[in-house]
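Visitor:
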Amino acid sequence: MPDLFAYKILTTEQFAALRSDGHFAGAPVDLEDGYIHMSTQEQAAETAAKHFAGQDNLVLVMVDLVPLGEQVKWEESRGGQLFPHLYAPLPLGAVTKHVVLRLDSDGKHQFPAGF
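Counting from 1 along the sequence shown, just add 18 to a position and that's the residue number in our numbering.
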């Protein structure tokens with residue numbers, strides 16, 4: 019069974035827009051690809067390192083996939099792994115929590131304890 023939660027990394031500006039607009043249509047890469055890229059908990063750190071290297075003060079949002087239903091497709095991507103892709107805007111109501119990702123002294127994103 020696929021994970022019930024997924025994670026999306028946003029800039030602080032994107033997160034502010036999500037909060038004010040009530041939805042997030044996607045980052046430039048999402049809009050170009052036609053879906054919102056998300057990751058599982060196990061994939062999020064690699065996603066941050068690969069696509070957000072050196073970017074500080076990002077926001078990691080936890081997304082409840084259940085209410086999104088069939089708008090979420092699990093598709094093969096990096097290294098043959100299945101990633102959750104959202105074929106609709108991300109509604110604020112599906113975001114269950116968020117944390118700010120900061121860089122440590124080595125330039126790596128610091129995920130919350132137990133993540």
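Virtual Cβ for every residue (Gly too), placed ideally from N, Cα, C.
(1) Using the Cα positions of Ala71 and Val77, report the straight-line distance between them to the nearest angstrom.
(2) Could you name the residues of the same chain whose beta carbon sits closer than 6 Å to that of Ala24, not counting the 5 residues immediately before and after it, in chain order?
(3) Determine the DSSP secondary structure at Met19, reduced to helix, strand or coil.
(4) State buried or exposed for Gly59, treating a residue as buried only when at least 16 other CB atoms are found within 10 Å of its CB.
(5) Between Pro109 and the rest of its own chain, which residues show a CB-CB distance below 6 Å, the 5 nearest in sequence each way excluded?
(6) What first and last residue would you give for the alpha helix (DSSP H) that runs through Lys91?
(7) Cα-Cα, which of Val117, Gly52, Ala45 is closest to Gln16?
(8) Quickly, what does DSSP pair Arg37 with across the bridge? List them, please.
(9) In terms of residues, what are the limits of the beta strand (DSSP E) holding Leu104?
(10) Kindly provide the ranges of any alpha helix (DSSP H) runs that are 4 or more residues long and lie completely inside the segment 44–75, ordered along the chain.
(11) Within its chain, find whatever has a CB closer than 7 Å to the CB of Met19; leave out the 5 residues flanking it on each side and keep chain order.
(12) Could you check the C-alpha separation between Ser95 and Pro46 for me, to the nearest Å?
Guide: In terms of the structure at hand:
(1) 14 Å
(2) Met56, Val81, Leu83, Pro102
(3) Note that Met19 scores a pLDDT of 44, beneath 50, so its modelled location is shaky and nothing firm can be said.
(4) At residue 59 the sequence reads Gln, which differs from the Gly that was named. By the 10 Å Cβ count, Gln59 comes out exposed.
(5) His41
(6) Element bounds for Lys91: not the alpha helix (DSSP H) but the beta strand (DSSP E), 90–94.
(7) Since the first residue shown for the chain is 19 and the last is 133, residue 16 is missing from the structure and cannot be characterised.
(8) Looking at the DSSP assignment, Arg37 forms no beta bridge with any residue, so it has no partner.
(9) 100–104
(10) 46–51, 59–69
(11) Note on Met19: pLDDT 44, under 50, position unreliable in the model; the coordinate value appears next. Nothing meets the Cβ criterion.
(12) 18 Å
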